[in-house]
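Undergrad: Okay, so the sequence shown: first residue is 26 according to the working numbering, each after it adds one.
Even for Gly, the Cβ is constructed at its ideal location relative to N, Cα and C.
Computed from a predicted model, the values in this text were never measured in an experiment.
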Amino acid sequence: MRILIVEDERLLAETVKTLLESRGFTAETACDGESGLAYGELGIYDLIILDVMLPGLDGRQVVRRLREKRCGTPVLMLTARSGLEDRVEGLNAGADYYLAKPFDARELLACVNALLRRQGGQVDELRMGNTSLDLAAGTLSCGEAQVRLSAKEFGVMRQLMQSGARHVSKESLLEKVWGYDSNAVENHVEVYVGFLRKKLRSIGSDLRIEAVRRLGYHLEVDGE
Ligand code: CA
């Protein structure tokens, strides 16, 4: 899932990008209305997160032009202004949802997931054995027992659950969870797999993370 963030406040744009990437999304940023429109028109994104107050074209103009060009990508609008008038104007311009700043991470992820689900294809949780991974909340649960995962733990667990019994190499985990430009090494992966094993045990999960030399990791369900 590929998400475009159009936001001129660099720090906020980077924070949202990091948050989305920690949940397994691919995220790119544009810092003004013109480039946001140009990227959005490419039609390669599954969702556009669009700030209203932008230099040049504002968010409402951007979404209006996207809709005029028959671009149906869902748009989540962000604004510091939470007045009813602004929300109505934004929705009339073609936005699908409105989120007022400041918002918290879970609120944003819930909106993103809801909009993507409407598009189809987005799942809320991954299940294997007696265990499920909540993709919006970042929690791992087994019956009533639940444990919150850190961003990196979540990233590793998500990759493992998506791959099921197939092996996931340490290099691939490093690339997908830590990113190309990080200084992380394979030892980091081993450390986080250790954390995950403890957390899986702590909730009574029947999943085991098996390591196979040179191939990497895969999940097994106890007793199967
Ligand atoms: Ca702004």
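Alpha carbon to alpha carbon, how far is valine 210 from alanine 38? Give it in angstroms, no decimals.
TA: Approximately 27 Å between the Cα atoms of the pair.
Undergrad: With a threshold of 16 other CB atoms inside 10 Å of the CB of isoleucine 30, please say whether the residue is buried or exposed.
TA: Classification for isoleucine 30: buried.
Undergrad: For the candidate residues Ala170, Met78 and Tyr122, whose alpha-carbon lies nearest to that of alanine 105?
TA: Closest option to alanine 105, Cα to Cα, is Met78.
Undergrad: Please report the straight-line C-alpha distance between glycine 168 and arginine 48, rounded to a whole angstrom.
TA: Cα to Cα, the separation comes out at about 23 Å.
Undergrad: Does the separation of the CB atoms of leucine 103 and aspartate 121 fall below 9 Å?
TA: Their beta carbons are not under 9 Å apart, which means leucine 103 does not touch aspartate 121 by this criterion.
Undergrad: Pick from Arg95, Glu46 and Ile74: whose alpha carbon is nearest that of glycine 68?
TA: Ranking the options by Cα distance to glycine 68, first place goes to Arg95.
Undergrad: Should the stretch 182-189 be regarded as contacting the stretch 154-166, the criterion being three or more beta carbon pairs within less than 8 Å?
TA: Short answer: they touch.
Undergrad: Mapping DSSP to helix, strand and coil, what is alanine 190?
TA: Reduced to three states, the DSSP call for alanine 190 is coil.
Undergrad: Give the secondary structure of methionine 153 by DSSP, where H, G and I count as helix, E and B as strand, and everything else as coil.
TA: Here methionine 153 sits in strand by DSSP.
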